[in-house]
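Chains as they are written, first to last, in numbering that gives the first Met the number 0: chain A, 0 to 113; chain B, 0 to 967; chain C, 0 to 240.
Beta carbons: idealized from backbone N, C-alpha and C, even for Gly.
Please read all numbers here as calculations on a predicted model, not as lab measurements.
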Amino acid sequence: MKPALPPRATRGRSLKLLTCPLNGSRNISEFTYGGEYHATPNHLTTSARDWAEHVFFHDNAAGVVTEWWCHTASSFWFLAERNTITDEIIRTFKAEEIYTQRVDFSTINPESRS
Amino acid sequence: MKNRLPPPYGSLINREKMVQFEFESKAYQGFHGDSVASALTANNQTLLSRSFKYHRPRGVLTMAGQDANTMVQLPSNPNALADRELISDGLKVTGQNYSGTLEKDRGQWLGLFSRFLPVGFYYKAFFKPRGIWEKWAPLIRKKAGLGVINQQLVPDYYDKQYKFFDVVVIGGGPAGMQAALESAVPSCEVLLVDENQSLGGSLNYSRFDVEGARGKNQLDKLLNAINDKPNISVMTNAVCNGWFADNWLPIITKKRLYKVRAKQTIMCTGSLEQPAIFHNNDLPGIMMSSAAQRLVHLYGVRPGSQAVIVTGNNDGYGTALDLDDAGVKINAIVDLREDPNYDDIAKAAVDRGIRVETGTTVYAAKHKGANRVSSVDIRKIVSQGICAEQGETITCDLLCMSVGYTPTYQLACQAGGQLTYDDQSAMFSLRNCPESLQLAGSVNSLWSLDAVLMEAKRAATIATNALGLTQVQVADRVTEDTVSPNHPWPIFAHPKGKEFIDFDEDLTIADIINATADGYEHIQLVKRYSTCGMGPSQGRHSALAAARLVAAATNRTVAETGVTTARPPFSAEQLGHSAGRSFYPARRSNMHYRHIEAGAEMLQAGAWYRPAFYRSKGKDSTACIDAEVSNVRNNVGLVDVSTLGGIEVRGADASEFLNRFYTFGFLKQPVGKARYALLTNEAGVVIDDGVACRFGNNHYYVTATTGGVDRVYQNMLKWNAQWRLDVDLANVTSAYCGVNIAGPNARAVLQKVCSGVDLSSEAFPYMGVRVGNIGDIPARLIRVGFVGELGYEIHVPQQYGEALWDALMVAGNDYHIQPFGIEAQRILRLEKGHIIIGQDTDAMSNPNEVQMGWAVSQNKPFFVGGRTIAELEKKPGLRGLVGFVIDDTKAPLPRESHLVVEDQRMTGRVTSCNFSPTLGKAIGLAYVPPEKTTVGTMIEIKSTGGVRVLAKVVELPFYDPENLRQEL
Amino acid sequence: MASLDPTTGMRRSQLYRRHINNKAVFKNTGYDFVVSHYDNGNDQHTELDQARSMAICDLSTLPRTGFKGAGARSWAENQGIKIPDSANRSIVQPDGCLVATLSDQELLILSDILAKSHQVTALGEQSTNDHLENDTQTYLLPRGDSHCWLAVTGNQAAEMFSKVCGVDLRPHKFALGDIAQTSVAKTNAVVIRQDLGQILSYYILCDISAAEFLWDCLLDAMQEYAGSPVGISALEALVSA
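Here it is in structure tokens:
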């Protein structure tokens, strides 16, 4: 499992502001980091190697990445685009912007978006 | 107070209020508003303390709380800054870093040996042999110590508070005051912060015109205007000690840390006057020009009787005028410049007939054995840093240095600003600050008062425009034609050394040069090797000189050499500010006080208080716990399980959701039944467990572990943000109090108080769930067997918790009911072979390893962790969790994390082990290699004291293998 | 006035022992036991003055409930509830109860402090029935038990909050009816600006198991403003003033 590593924590960064789509701008200490967002591969058809890649490896990209964040007090999950070089948060948005419809696994996995 | 000047000198002191205090056990008098340093100087006591390394005598340097020269010992705290700490009646102050007396320090010989203490001494001397440092450390620490901590001290109450402002202006000098005023447009909340006792900065003490009137006039004007603006808050005696992301500013006052969030920050932090570097430049009586001016104007103290001023700019002439006005005899102005470009103030000084020597420097200071400068040797400058062979000795007891400034760049650099060096002006300047941060004043390399005020207005306009409060055309950056006040090379080496670069660490020119010669050419390495800039003043007065020296020694420019990173805090912080009022959340069940009343020893599990066991008279803890175990096995026990997690899963897709989230199958689970719920993450690792109780077609109540529920709930929500199933998830952990009533008499007790439920085994079997009432309390009942006896978990709305406890304790009276704590529960569950997630599992445990393969459904389309578990099952296992017993009752009991060994090899570890009062022997769980998992295998455990103990692998559970008792 | 014994009730505030230690006089609202006032030898005007400057009051045994789910909002509207337009806002209903939106799918409903609103209990029953009969996608939340409910009142309240909470709750930045779901003294909490009479006041709801912790933290933080606990009678007086 990819450990939920917070972005490089320094004293300065732990005092950043983050804008929750539900609750507005808050100290980042009010949030829980939820790991990088990326589409889940089809668990039935993907190779063991690709599955392991998905589970165990971070992209850890330098540049703009999309991350899961949860506002702890309201348990609200959302996504944030953040530049890992400048630590600038470009925008935050609700998960339904990406996850627009119900996901089903009963037939062939339709979840392999990328 | 023979050095006291008459009014109007002394803007900070109140001459009506006399203060008596002690320094070095001698009584002194000062005025209310005096700092320790000003009061002592007024009494002609210039020696304040001793230096860290060589115990050299030290006195006032900056008079601004920016240096380590004046660190003195107070009864309550060491390292107080004598030029910042105010005197109060009865205050007892002593110097620091001496043995014997401050005047005659027996440790002063250290200076004689300075050539044996070269740069990098500690690294070189104590590197080998191994362990030698431990031998020397106590002696060196004693010699090098900074003050004494009072261990009997009862700490004061330190507090913290958030503040919110649109604009925060840091620094209350002319630039800061003007910037605050200009920012204070309607509805804009402005904070003006200054670390000094009063606003004004240099307006309070510096000379801006020939008459010496402009500073005061400008100050009064600005103060009046600020007082008229209700939207400007002013904090004095307040240090902004750092800049953090998004303009988060820790502002420290005496007993409170303000956590200030600003939308825009304007830094008007000013500049720090720099010392000239020459032989014995650290003697008491040698100080910054600005320090002398502060003493005169702020405290009405004459800093000496005969002065020499060494200057590289016109500011030194202003100081000469100030001192001359105050009755100090100026024996000479020694101007480093060959051909000075005089302004009106300098001309006025010359016109007064003060002796001026140009192209000349102070080459060395002398002290005639006393702890104060007595004369200076001045010499013509031949070339950069080189003096003529012969000079002249001029008597003085005060030497003022005015050779240039460094912007107070620390906060701006923390914000991302970059420091550059301009060879033309011989000065550092800042650029590339973030958009929400403006600079104004001398930190922004502006020196004339008019330019400073104009630039402050400009900075404020940029800030209010950015806030959307104004839409004003921003003027171009102010330029000024004043000559730079910085002399490019006020550094003069001496054959006998002692030209101090860093006063905190007693570092000289040779130390810095030698560091580069030893190969440490990068400024960061020079710092670490030489300790330059690592002292309490953090390089405020050494960074510029060190950069110049390293640049010259390595043939680079000063800009390329740069300065070391300026990290927070800007100035020393008392531990109280970090340790002050803080929060350690504590959670209590509604039955909490019933446990206390019953003698429970409480322990904290996470934030929760839980009863470990209940103490009964005359029994030790083991006996108490064993009795609780035995009472559950033989009668009936009651345990508070309110801390257990509870999550409502409701909606048309409730069972579909659980089917995907947990490892088991839930689609066919009947209403009225509970099912074990094991949770794995995507890596197939076991991370939590509980039971899923189906109370309706579309309604499950799922329990989770005490420590895991918050994470489990967050995980559920995150998955369903992706799956978008028709299900609602609600964490109701705290909404329900719960007990587990367990033991052969459990049903009999319940029958007395429970209504609405047929409790018979046929109607309400093992793993059944029902809704009913305990007395008048609505309750959810779950028949589970964590402890391996007939038992019911009863969950009721939280505020009924205590009433539920009372009802059951009364009803159970005839059946020998007794409460039991989590220690007993741990033994009971171990006897029953139940694992505890997080204790018997680790970050690698998959279900098959922990004998939980039965709880993983093999025929569902998907569950979290499913694919990984399937992949793992294709490979041979690496280890297995097994139960073991130790038949030797005399063997020392293994503890958690004791190793399972094979010869000298560790092959596994113990996760749980206890003496089982029920079975009369030690039982436990351990990870062992796959070939050792067979029942009957003997394993060896390295137990307490390294004793090897033989244990036998057995079938789980240890107790009641047929599960008859829980299904009674 | 003889004090009722809160332990004779089945539902007991997590804080009742703290009230007893502070010489509380209890009364029954018809729903449960609440502190009427504290018998400190002061007359009740003192508690009213206290409530005007800086006070804390335990409302945990007063009725409150919550609804959650994709259908919660429209279901509640069908019950005649006025619902705020956006999340994190609250509106007082005609019968006095307060309806707060914690998200697009979650409502929190608090009775008025006189516990005269019967809507809270009525709604709870209605939702259970509706949900059992036809799937309304509306689910009852046990807010009466999951969260303790405190009122922090007085002109100094915002200043006091700035010592325990990182959100700017000053009245000109945090309007009447505004809601902050945030951390108060490192404990998750819902803070609602709900002035009582003309006096700046906030409701604060936090996990009920942390009630004593938060109570102690708030009392400690309000010490410098001479704050202290008051009974519900003082709040009633504020409202009727």
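Short CB-CB distance (under 8 Å) between S111 (chain A) and chain B: Confidence in S111 (chain A) is poor, its pLDDT being 41 and thus under 50, which makes the residue's placement too unreliable to answer from.
Per DSSP, the bridge partner or partners of N13 (chain B): Checking the DSSP bridge columns, you'll see N13 (chain B) partnered with B:H31.
Straight-line Cα distance separating N20 (chain C) from Y791 (chain B): Just so you know, the alpha carbons of Y791 (chain B) and N20 (chain C) end up roughly 35 Å apart.
So, helix, strand or coil for P2 (chain A), using DSSP? The pLDDT assigned to P2 (chain A) is 42, lower than 50, so where the model puts this residue is not dependable, and the model offers no usable value.
Grouping DSSP H, G and I as helix and E and B as strand, with all else coil, what is M0 (chain B)? Three-state result, M0 (chain B): coil.
Interface flag, H42 (chain A) vs chain B, CB-CB below 8 Å: Using a CB distance cut-off of 8 Å, H42 (chain A) counts as an interface residue toward chain B.
When you compare only the Cα positions, how much space is there between G29 (chain C) and V238 (chain C)? Rounded to the nearest angstrom, the two C-alpha atoms are 19 Å apart.
Determine the chain B residues that contact P170 (chain C) at a beta-carbon separation under 8 Å, and present them in chain order. Result: empty, since nearest Cβ-Cβ is about 13 Å, beyond 8 Å.
If we count Cβ pairs, one from each stretch, closer than 8 Å, do we get three or more for the stretch 306-322 of chain B versus the stretch 345-357 of chain B? With the cut-off at 8 Å, the stretch 306-322 of chain B and the stretch 345-357 of chain B touch.
With 7 Å as the limit, tell me which residues of the stretch 244-256 of chain B have their beta carbon closer than that to any beta carbon of chain A; keep them in chain order. For the stretch 244-256 of chain B, which is checked against every Cβ of chain A, the residues closer than 7 Å are A244, D245 and W247.
Check whether the Cβ of T83 (chain A) lies closer than 8 Å to any Cβ atom in chain B. With respect to chain B, the C-beta atom of T83 (chain A) has no partner C-beta closer than 8 Å.
Quick check: what's the CA-CA separation for R779 (chain B) versus L963 (chain B)? The straight-line gap from Cα to Cα measures roughly 24 Å.
Check the Cβ of L14 (chain A) against every Cβ in chain B and list those closer than 8 Å, keeping chain order. Those within 8 Å of L14 (chain A) in chain B are F243, A244, D245 and W247.
CA-CA distance, P960 (chain B) and R90 (chain A)? When rounded, the distance between both Cα atoms is 58 Å.
Bridge partners of T392 (chain B), per DSSP? B:D376, per the DSSP bridge assignment.
Going along the chain, which residues of its own chain have a beta-carbon closer than 8 Å to the beta-carbon of P929 (chain B), five neighbours each way excluded? Result list for P929 (chain B): P875, G876, L877, R878 and G879, in chain order.
Starting from C623 (chain B), trace the alpha helix (DSSP H) both ways and give me its first and last residue. Start and end: S620 to N633.
L21 (chain A): contacting residues in chain C (beta-carbon distance under 7 Å): Neighbours of L21 (chain A) on chain C, chain order: A86 and S102.
Would you mind stating whether N658 (chain B) and G742 (chain B) have Cβ atoms separated by less than 8 Å? For N658 (chain B) and G742 (chain B), no; Cβs fall outside 8 Å.
CB of P567 (chain B) within 8 Å of CB of Q413 (chain B), strictly: Closer than 8 Å, so yes.
Just the C-alpha distance for L637 (chain B) and A810 (chain B), rounded to the nearest angstrom, thanks. About 12 Å.
How close, in whole Å, do the beta carbons of G130 (chain B) and G172 (chain B) come, if the pair is a contact with beta carbons under 8 Å? Wrong, their Cβ atoms sit about 53 Å apart, outside the cutoff.
Quick check on DSSP: helix, strand or coil for S288 (chain B)? DSSP, read as helix, strand or coil, puts S288 (chain B) in helix.
Applying the criterion that 16 or more other CB atoms from any shown protein chain within 10 Å of the CB defines a buried residue, is L666 (chain B) buried or exposed? Flag for L666 (chain B) reads exposed.
Three-state secondary structure (DSSP) of D215 (chain C): Three-state DSSP puts D215 (chain C) in a helix.
Can you name the residues of chain A whose CB is closer than 8 Å to the CB of Q13 (chain C)? Per Cβ cutoff of 8 Å: no residues; Q13 (chain C) is ~20 Å from chain A at best.
Cutoff 8 Å: L4 (chain A) Cβ touching any chain B Cβ: Residue confidence for L4 (chain A) is low, a pLDDT of 42 falling below 50, so the modelled location carries little weight and cannot support an answer.
Would L140 (chain C) count as contacting chain B if we go by Cβ distances under 8 Å? Interface flag for L140 (chain C) against chain B is set, since a Cβ pair is found closer than 8 Å.
M0 (chain C) CB to nearest chain A CB: under 8 Å? Note on M0 (chain C): pLDDT 48, under 50, position unreliable in the model; no value is reported.
I'd like to confirm the pairing. Which residues does DSSP put opposite L949 (chain B) in its beta bridges? Looking at the DSSP assignment, L949 (chain B) forms a beta bridge with B:E939.
Quick one: give me the first and last residue of the beta strand (DSSP E) that Y316 (chain B) is part of. Per DSSP, Y316 (chain B) belongs to no beta strand (DSSP E); it is in the alpha helix (DSSP H), D314 to D324.
Does the beta carbon of F77 (chain A) come closer than 8 Å to any beta carbon on chain D? Judged by its chain identifiers, the structure shown contains no chain D, and its protein chains are A, B and C.
When you compare only the Cα positions, how much space is there between R489 (chain B) and K379 (chain B)? For clarity, residue 489 (chain B) is Pro in the given sequence; the question names Arg instead. Computed Cα separation, rounded: 13 Å.
Y202 (chain C) - containing alpha helix (DSSP H), residue span: For Y202 (chain C), there is no enclosing alpha helix (DSSP H); the enclosing beta strand (DSSP E) covers residues S200 to D206.
In the DSSP assignment, the alpha helix (DSSP H) including L445 (chain B) goes from what residue to what residue? Careful: L445 (chain B) lies outside any alpha helix (DSSP H) and carries neither H nor E.
Using beta-carbon positions only, say whether M234 (chain B) and L282 (chain B) come within less than 8 Å of one another. The Cβ-Cβ distance between M234 (chain B) and L282 (chain B) does not fall below 8 Å.
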